[in-house]
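> The opening residue of the sequence shown carries number 0 in numbering that gives the first Met the number 0; numbering runs sequentially from there. Where is the CB? At the ideal position from N, CA and C, for every residue including glycine. This one's a predicted model, so the numbers in the text were calculated from it and none came from an experiment. Take a look at the following structure, please.
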Amino acid sequence: MKDTPFGRITRSVRWLRFALLGILPVLLFLGLGLYWGMHRLLTEQQQKLAVDFGVMTGYVHQHEAFLTTFSQQNARLASLPDWPQETLREMPQPARPGERQWLGQEAGVHLPFSLVCAQADCDAAQAALPEVGQHLSNAYTTFWSRSPFPPGEVFLLDRNSSLAASVPGIGVESGLGRLEPAQFAAVIDTVRAHLAERGTPAGQQPVGRNVRWLRSPDLPERLIGVLPAPIPPRLWGTGREQPPDFYAATLLTLSRVGVFEWHLSEAIYDDFWLTRQGVVLDGGGTPPPAEDLGLNYTRRGWVFHFHDANGQWDAYYRVGYLSLFRDNLWLPLGAGLLLLAGIAGALGFGRWYDRRVVAPALAAQRDILDNEAFNRTIIDATPVALCVLDRASGEVVFGNGLARQWLGLAGDSSSAVSGALSRLRERLAGVEGAGLLEEFAAADGRPLHVAYSPTRYRMREVILCAFTDISAHAEIERTLARAKREADRASAAKSTFLATMSHEIRTPLYGVLGTLELLALTPLNEEQRRQLQTVQSSSAVLLQLISDILDTTRIETGQLALDAVAFHPRHLVEDAVAGYAAMARQKGLDLFACIDPDLPAWLRGDPARLRQILDNLISNAIKFTEHGRVVVRLGSETRDGIAHVVLDVEDTGVGIAPEDQARLFEPFYQVDAASHTFRGAGLGLSICMQLARLMRGDIAVDSVPGRGSRFRLSLPLTADAGTDTHADLSDAVLRVRTPHPELTADLCRWFERWGARAAPAVVPATPADADAILVDVLPPPDTPPAWPGPRVLGADAGDATPTAVDGHHRDALAQAILALRRGEPVAPAPLRAGPIAGRLGLRVLVAEDNPINRATLAHQLEQLGCTVATAEDGVEALALWRGERFDAVLTDVNMPRLNGYELAATLRREDADVPIIGVTANAMREEEQRCREAGMNAWLVKPIGLRGLWELLRAHAASAGDAGDAGDVAPPDAAEELPAQYRRLFVDTMRADAAAVAIALQGQDPATAITTLHRMRGALAMMQMDELIARFERLEDRIRAEGIAAEVVDETGAAMRALEVELVRLDHS
């Protein structure tokens, strides 16, 4: 990217932002760190001094406690302790001249004590002196041995004589140090001087008063505590002029409890004051002014003021500013370095900012002004009309000459207003994003395209507009738009026409087909029956044509919905091939299917639409093939990494020319349509292709004229859970014979997959094949068996004999092989369903405006054993309903006066709870929804067959409890008589449930197994399979009682195999 002034400014500003965002937090962090460090130092200092003050006041209180305890003990003293005179030793050099001094010690555990008195006083108290010393030593030892503080020196003196005592003794070395004679004298003199100043009469001092603390200039950093400690006169003896008046004193050394002084070489404070009740006891001069407890700021430093809990002692510690910083040099050094770094950074940044930001900005400003002038010149000279409108005022900020001309503005005035400009303002008012005004008339009437885009210009919200003259282009677009609208209307009209025509044709067609179906139930001779079959065949072709037209309409209008259900692909292909076997046989063609055994047993998709495509392809192959064969192949392939199911339909017919292949899937296109060689409307392949593409697949064709064609359907279908239940052919030796080697090889692969040893048959048989079973599939009619051993014959469904099974279904062949190995007769292919024999016995109300359809529907219902009342419209039907009782209502949805939807809604409002069934020729998806919303239970699409009508009435009347008259009437057919679509549904559902039971047993899930077996029993009851119902009921009971045991699993497997036999029989009927 080119280095422009704007780029440099942008980068500089970006780096400046990053620098500020980086430096400011660092500065803030450092400032907070300095503040926190200073606060932390002061807090720690205060905590240290608080500990020191607490220890000191504790020590003071301990001395006061000793004096108080000793005074109280003396008041209660009953006698002085006995003292052996020989342990008292007089010292040769007393503390002061004219005095006598003794040193005594009772035992090793007591400290020595000293006694001092003048000669006269010593003689008078000679007998009591040892007991006094011993008493003081005992009290001293007893108290201080329990104290956590170091003991102090203790004194006892008589105010009325020179007698005095101390513990420890004078000059005695102890853990407390050495009590010097001068210290002893200073304490005694200070106390006597204090007593003299007070002048309290002898013998009148109260016991237990507060301790008095004294200072002595001869004893620095020491305090003397004094408290009266009188000894009862009766214990002192007689012969004295005045009774003794004793005072106890203690010497408190402050340095002895300095906790930090013991461990540090320097003091943690500079000055210290100690006061008691406002009297300074330690420290020089007056304490500093610090009224607040804790930290106080003074000119000479920080003062920490502490107060004890009793409110008597106050301590003041002063820590100088330099002292604290001297002990924590990192704090001032850090602050200084931070200040220097800030100054240097500010100077450097200012220089850098001026060089990298200010100077480029000035240069860029000059460039901007030059560029703007140049751009305005270009805009004025360009052939495109450009202008900028102010969003707030609507005035033209600037515009070139062409824009002003088209907007009808005169001169360069930005405040001028014209009609075109007013219209432009109105059109652009409130726009949020870029857009286009496709039609805008200039001041001279010419059509313009206006491209606009909101933006900003010179700190203003503006809209940039570009005008394009589209006079010629607008005319072309209007012509194309009209053509498109006409085409859309034509397409919509076509779809509406097709749907309407399908509806209108289905209505009379229902009368034709229904009447023909009823006619077939009457006695007819051979000529009449052939004519009836011709009419029915032509009607079926017409019905197929209408269905194709309807499917095309539904696909074009997006109303065709696909299902996504599990289905069995092999069964679907086998059913389709079997269904067209008779058609192929009539033309002398071979029709068979080859299916890949490795294909998943279950797939997920829309089986109905897949069957529709397959039926169309097979039908076309048979139609266009005169000799040879039609082969259906089912397999899989991988395309672009995605698995696809591939379905091929190959024939040996006339083939398709390359020019016809290109248009083969176009609607209504027919190969060689002019010759009318083949019937059809040309919709089948078009519908197949559209269905394939809806299922995300495709259909390809490969054909050579004269050699045949191959249509390949490829669909991306996914495998579904479930297992393929089949017969167990283990150890079976089979020989397979078919008309084609490909079919033979395919059947051999399937039989081997199921456990058999299968190979192509060799005729005549060799001795090694004596015990082998011949599976003879689709043999020609004139082919003799020529097989000495057992034989299974697989024929077309239409060629069923008592010894043949359906050769198009592999399961039927496998079941026949099993039966032959067990010595049981081979089950023949079931006969086609006969006429319906059951009678419903219902009273049915029919509302139909078409007289033919009304008569046909009434006749069909009467054939089913119903009593019918007919009405021409909804009003007449409503009148009949209110006068009689009916078990069901069948109504056409489109009738005059009151249609079927309105009739159903009215009946529901009148609390009618009988089944209401809509009859319509419209098979569109929304038709069913409309019927449901109107209150109908179901709907029937014309034309209506007898079996479908019977099934629907039987199901809904029975569920509503209205089939009372038919309660003892048997259903029209047994399982074999079910319509093909219901038989297929039953077979697929039972196989899916059987697979679900197997999965539940394997997963040790008894609840799911019981639920599925119960559901299967309900379906078997509808099919009247009583033996299987009983077996399934026993299985449910055993699973509830025993759980999923090995014996239960074996019995379940046997029951499922028996069920599969019945399903194969139904599948091939």
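With a threshold of 8 angstroms (Cβ to nearest heavy atom), would residue 686 be considered close to the ligand GTP?
No copy of the ligand GTP appears in this structure; indeed no ligand is present at all.
> If we require 3 or more residues per run, which beta strand (DSSP E) segments fall completely within the region 693-748?
If we require 3 residues or more, the beta strand (DSSP E) runs fully inside the region 693-748 come out as 697-703, 707-714 and 732-736.
> Report the rounded CA-to-CA distance for residue 630 versus residue 650, giving the unit in angstroms.
Along the sequence shown, read from residue 1 onward, the residue named residue 630 stands at position 631. Along the sequence shown, read from residue 1 onward, the residue named residue 650 stands at position 651. Residue 630 and residue 650: Cα-Cα distance of roughly 6 angstroms.
> Would you tell me roughly how many angstroms separate the C-alpha atoms of residue 452 and residue 474, rounded to the nearest one?
As a first step, residue 452 must be located in the sequence shown, where it is residue number 453. As a first step, residue 474 must be located in the sequence shown, where it is residue number 475. C-alpha separation (whole angstroms): 26 angstroms.
> If I measure Cβ to Cβ from residue 1009 and keep anything under 7 angstroms in the same chain, skipping five residues before and after, which residues do I get?
As a working note, residue 1009 is residue 1010 in the sequence shown. Around residue 1009: 1035, 1038 and 1039.
> In chain order, what are the residue ranges of uninterrupted alpha helix (DSSP H) at least 4 long that sit wholly in the region 398-433?
Qualifying alpha helix (DSSP H) stretches, in chain order: 400-406 and 418-427.
> Is the Cβ-Cβ distance between residue 939 and residue 915 less than 9 angstroms?
Counting from one through the sequence shown, the residue named residue 939 turns up at place 940. Counting from one through the sequence shown, the residue named residue 915 turns up at place 916. Not in contact: residue 939 and residue 915 (Cβ atoms no closer than 9 angstroms).
> Mapping DSSP to helix, strand and coil, what is residue 303?
In the sequence shown, counting from the first residue as 1, residue 303 sits at position 304. Residue 303 falls in the strand class under three-state DSSP.
> Going by DSSP, which residues form a beta bridge with residue 468?
Translated into positions along the sequence shown, residue 468 becomes position 469. DSSP lists 447 as partners of residue 468.
> Using the rule of at least 16 other Cβ atoms within 10 Å of the residue's Cβ for burial, across every protein chain shown, is residue 551 buried or exposed?
Translated into the one-based positions of the sequence shown, residue 551 becomes position 552. Buried is the call here.
> Look at the alpha carbon of residue 872 and the alpha carbon of residue 522, and state the distance between them as a whole number of angstroms.
As a position in the sequence shown, residue 872 is number 873, starting the count at 1. As a position in the sequence shown, residue 522 is number 523, starting the count at 1. About 34 angstroms.
> Residue 655 and residue 704 - do their beta-carbons sit closer together than 9 angstroms?
Translated into the one-based positions of the sequence shown, residue 704 becomes position 705. Translated into the one-based positions of the sequence shown, residue 655 becomes position 656. Yes.
> I'd like to confirm the pairing. Which residues does DSSP put opposite residue 243 in its beta bridges?
Looking up residue 243 in the sequence shown gives position 244. The partner list for residue 243 (beta bridge, DSSP) is empty, contrary to what the question assumes.
> Specify, as a first and last residue, the run of the alpha helix (DSSP H) that residue 901 falls within.
On the sequence shown, residue 901 is found 902 positions in, with the first residue counted as 1. It spans 899-908 - the alpha helix (DSSP H) in which residue 901 sits, taken as one unbroken run.
> Please go through the same chain and pick out, in chain order, the residues whose beta-carbon is closer than 7 angstroms to the beta-carbon of residue 99, but skip the five residues on each side of it.
Position 100 of the sequence shown holds residue 99. Cβ neighbours of residue 99 beyond the five flanking positions: 89, 93, 116, 118 and 121.
> Could you work out which residue in 300, 807 and 771 is closest to residue 819 when comparing CA atoms only?
Mapped onto the sequence shown, residue 819 falls at position 820. Closest by alpha carbon: 771.
> Kindly indicate which residue of 186, 1027, 647 and 1000 has the alpha-carbon position closest to the one of residue 1046.
As a working mapping, residue 1046 is identified with position 1047 in the sequence shown. Closest by alpha carbon: 1000.
> The beta strand (DSSP E) with residue 604 in it runs from where to where?
Translated into the one-based positions of the sequence shown, residue 604 becomes position 605. 602-604 is the extent of the beta strand (DSSP E) around residue 604.
> From residue 625 to residue 775, what does the alpha carbon distance come to, in whole angstroms?
The count along the sequence shown starts at 1 and reaches residue 625 at position 626. The count along the sequence shown starts at 1 and reaches residue 775 at position 776. Whole-angstrom Cα-Cα distance: 25 angstroms.
> List, from N- to C-terminal side, the alpha helix (DSSP H) runs of 4 residues or more that fit wholly inside the region 552-586.
Counting whole runs of 4 or more residues, the region 552-586 contains the alpha helix (DSSP H) stretches 568-578 and 580-585.
> Identify the residues that DSSP records as bridge partners of residue 593: which are they?
Position 594 of the sequence shown, counted from the first residue, corresponds to residue 593. According to DSSP, which records beta bridges pairwise, residue 593 is partnered with 632.
> On the three-state DSSP scale, how would you describe residue 220?
Sequence index remark: in the sequence shown, residue 220 carries index 221 (1-based). If DSSP states are grouped into helix, strand and coil, residue 220 belongs with coil.
> Would residue 724 and residue 1055 be called neighbours here (beta carbons separated by less than 9 angstroms)?
Within the sequence shown, the letter at position 725 stands for residue 724. Within the sequence shown, the letter at position 1056 stands for residue 1055. Yes, Cβ-Cβ distance for residue 724 and residue 1055 is below 9 angstroms.
> With a CB to CB cut of under 6 angstroms and the five nearest residues on each side skipped, what residues in its chain are close to residue 554?
Within the sequence shown, residue 554 is the residue found at index 555, counting from 1. Result list for residue 554: 689, in chain order.
> Grab the span of the alpha helix (DSSP H) containing residue 814 for me, first residue to last.
Here residue 814 is taken as the residue at index 815 of the sequence shown, counted from 1. Taken as a continuous stretch (DSSP letters only), the alpha helix (DSSP H) holding residue 814 covers 809-820.
> Taking just the CA atoms, how far does residue 842 sit from residue 602?
Position 603 of the sequence shown, counted from the first residue, corresponds to residue 602. Position 843 of the sequence shown, counted from the first residue, corresponds to residue 842. Going by the C-alpha atoms only, they are around 44 angstroms apart.
> Is it right to say residue 735 is buried, meaning 16 or more other beta carbons lie within 10 angstroms of its own, or is it exposed?
One-based indexing of the sequence shown puts residue 735 at position 736. Buried.
> So for residue 548, helix, strand or coil by DSSP?
On the sequence shown, position 549 is the one that residue 548 refers to. It is helical.
> With H, G and I counted as helix, E and B as strand and the rest as coil, what does DSSP make of residue 459?
Residue numbering aside, residue 459 sits at position 460 when the sequence shown is read from its first letter. Three-state DSSP puts residue 459 in a strand.
> Would you mind reading off the limits of the alpha helix (DSSP H) that contains residue 142?
Start at 1 with the first residue of the sequence shown, and residue 142 comes out as number 143. That run of the alpha helix (DSSP H) goes 128-143.
> Give the straight-line distance between the Cα atoms of residue 438 and residue 477, rounded to the nearest whole angstrom.
Start at 1 with the first residue of the sequence shown, and residue 438 comes out as number 439. Start at 1 with the first residue of the sequence shown, and residue 477 comes out as number 478. Whole-angstrom Cα-Cα distance: 11 angstroms.
> Between the C-alpha atoms of residue 962 and residue 879, what's the straight-line distance to the nearest angstrom?
Along the sequence shown, read from residue 1 onward, the residue named residue 962 stands at position 963. Along the sequence shown, read from residue 1 onward, the residue named residue 879 stands at position 880. Confidence at residue 962 is low in this model, with a pLDDT of 44, below 50, so the placement of that residue is unreliable and no value is reported for it.
> Taking the beta carbon of residue 571 as the centre, do at least 16 other beta carbons fall within 10 Å, making it buried, or is it exposed?
What you label residue 571 is simply residue 572 of the sequence shown in a count that begins at 1. Answer is buried; the Cβ neighbour count reaches 16.
> Among 726, 145, 744 and 169, which residue has its Cα nearest to the Cα of residue 154?
The residue you call residue 154 lines up with position 155 of the sequence shown. Residue 154 has its Cα closest to that of 169, out of 726, 145, 744 and 169.
> Is it true that the CB of residue 937 sits closer than 9 angstroms to the CB of residue 955?
Taking the sequence shown and counting its residues from 1, one reaches residue 955 at position 956. Taking the sequence shown and counting its residues from 1, one reaches residue 937 at position 938. Yes. Within cutoff.
> Would you kindly work out how many angstroms separate the C-alpha atoms of residue 283 and residue 72, rounded to a whole number?
Here the question's residue 283 lines up with position 284 in the sequence shown. Here the question's residue 72 lines up with position 73 in the sequence shown. Cα-Cα distance, rounded: 37 angstroms.
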